[in-house]
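For the sequence shown, the residue numbers in the working numbering are 438 to 563.
Inspection log for the structure reproduced underneath, given as structure tokens.
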Amino acid sequence: MNRIKSVIVAFVSVLGLLVSAAPAGAAASPASSAPVPAWACTYGYSCYYDSVDGENKLFTAGRCGEHDLRGGKYHNRINSVANYGNGTVWLYIWRNAGYWELYDYVLVGELWNIYSNDIDRIVIDC
Ligand SMILES: [Ca+2]
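Quick look at the structure:
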């Protein structure tokens with residue numbers, strides 16, 4: 438597979454500094470008053486988006502380990518992943534023959550596009 442890095446790790450490091458430098462009172466403004474930046478996420482976690490390029494955030498993974506998305510509202514919707522967490526994110530497709538097929542993976546610090554809506558499960562290394 439031809440893996441092309443969309444954004445380099447240095448960007449994540451810069452973003453981490455920006456987040457940590459935000460004034461404590463910044464949260465008082467309603468989130469709807471400003472456009473949500475691409476790849477919006479919390480440093481230390483991995484985030485999942487409905488569109489490519491970190492647009493239309495679906496959720497933040499609150500813990501490591503397995504997240505089986507089948508039957509839930511995020512099933513077959515993930516189109517990009519920001520891995521600001523501490524472990525590799527593994528993306529799987531369920532095959533009706535009865536097994537999980539590894540589709541792709543996102544290393545720590547990567548911002549990753551997925552050009553299909555097929556992801557059924559994520560597994561985050563602890
Ligand atoms: Ca989608």
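Positions of the beta carbon are idealized from the N, C-alpha and C atoms, including for glycine.
- Judged by pairs of C-beta atoms under 8 Å, the stretch 491–502 does not touch the stretch 530–544, as fewer than three such pairs exist.
- Under the DSSP assignment, K494 falls in the beta strand (DSSP E) whose first and last residues are K494 to A498.
- With 16 or more neighbouring CB atoms inside 10 Å of its own CB, N520 falls in the buried class.
- Taking C-alpha positions only, P474 is separated from D555 by approximately 25 Å.
- Ligand 1 has a heavy atom closer than 7 Å to the beta-carbon of D487.
- For N520, the CB stays at least 7 Å from every heavy atom of ligand 1.
- The closest heavy atom of ligand 1 lies 7 Å or more from the beta carbon of N550.
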